[in-house]
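Here is the structure we will look at.
In our numbering, the protein residues as written are 35 to 282.
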């Protein structure tokens, strides 16, 4: 990744020339990305807030434990009431017995852990996380991320050719027909996670070392609904019927 400063209409614009590879891992050119459109500088506080929010919202919030009335087992009296010299007990379900119920059982609702953020902040965080990946040279742009047949070996060879030796998030085309073979090829690889390219979030990007994405899909993401991080996101929203990472 090479930073470039270009002048446009009298203003200095910071751009990045990111290498583009083919499916074999061979360099076939570069792609210029406007650094300012991704936030210009890394905002770790914003990224962390969004990351925690995405993580918290994955929790169902439905944890619960059993009371003594709900524990499965016999209700037979343990031993006779008198004459044993021991304490008086009924069945084995009280909390002080192993396997018994809880005195104060948990009763969670699904809203317990849910957090929210304004749409514009979420989008800024997602784009800023992508900028962090670019700066660390952890984004692999492929010109034509598609496979003729669903086979794991070509997918593994592609990752090796791109120099991906750690965990990778592969962002696939939203078009099911175009991404079907790639999805089937990489779904059994332990170090590979996959998502739709138009649903990239900072949570998924930061959970993996590398990001592999098709050039056309990246261009669509950069210029799509996620690019609206100002008042236009509310006044004239793009892709109202689509999603840009868990429903912006």
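Glycine included, every Cβ here is placed at the ideal spot set by N, Cα and C.
Residue burial is scored here from C-beta neighbours: residue 168 has at least 16 other C-beta atoms within 10 angstroms and is therefore classed as buried.
Rounded to the nearest whole angstrom, the C-alpha separation of residue 112 and residue 133 is 14 Å. Its chain contains 147 as the residues whose beta carbon lies nearer than 6 Å to that of residue 93, once the 5 sequence neighbours on both sides are disregarded; these appear in chain order.
The alpha-carbon separation between residue 116 and residue 128 amounts to approximately 19 Å.
DSSP places residue 167 outside any beta strand (DSSP E); the residue lies instead in the alpha helix (DSSP H), whose first and last residues are 153 to 169.
Exposure of residue 149 is indicated by the presence of fewer than 16 other C-beta atoms within 10 angstroms of its C-beta. Taking all protein chains shown into account, residue 86 has fewer than 16 neighbouring C-beta atoms within 10 Å of its C-beta and is therefore exposed.
Annotation for residue 122: 115 place their beta carbon closer than 7 Å to its own, counting only its chain and skipping 5 residues before and after. A straight-line Cα-Cα distance of about 24 Å links residue 266 and residue 79. Between residue 221 and the set 255, 211, 206, 233, the nearest pair of CA atoms involves 206.
Short of 6 Å from the beta carbon of residue 246, and not among the five residues preceding or following it, lie these beta carbons of its own chain, in chain order: 174, 202, 204.
Here the alpha carbon of residue 76 sits roughly 35 Å from the alpha carbon of residue 181. When DSSP states are grouped into helix, strand and coil, residue 201 belongs to the coil group. Following the DSSP letters along the chain, one finds residue 62 inside the beta strand (DSSP E) bounded by residues 61 to 68. An exposed status is given to residue 269, since fewer than 16 other beta-carbon atoms sit within 10 Å of its beta-carbon. In this structure, the CA atom of residue 52 is about 59 Å from the CA atom of residue 101. Its chain contains 99, 100, 101, 129 as the residues whose beta carbon lies nearer than 7 Å to that of residue 136, once the 5 sequence neighbours on both sides are disregarded; these appear in chain order.
Assigned with DSSP and collapsed to three states, residue 228 falls in strand.
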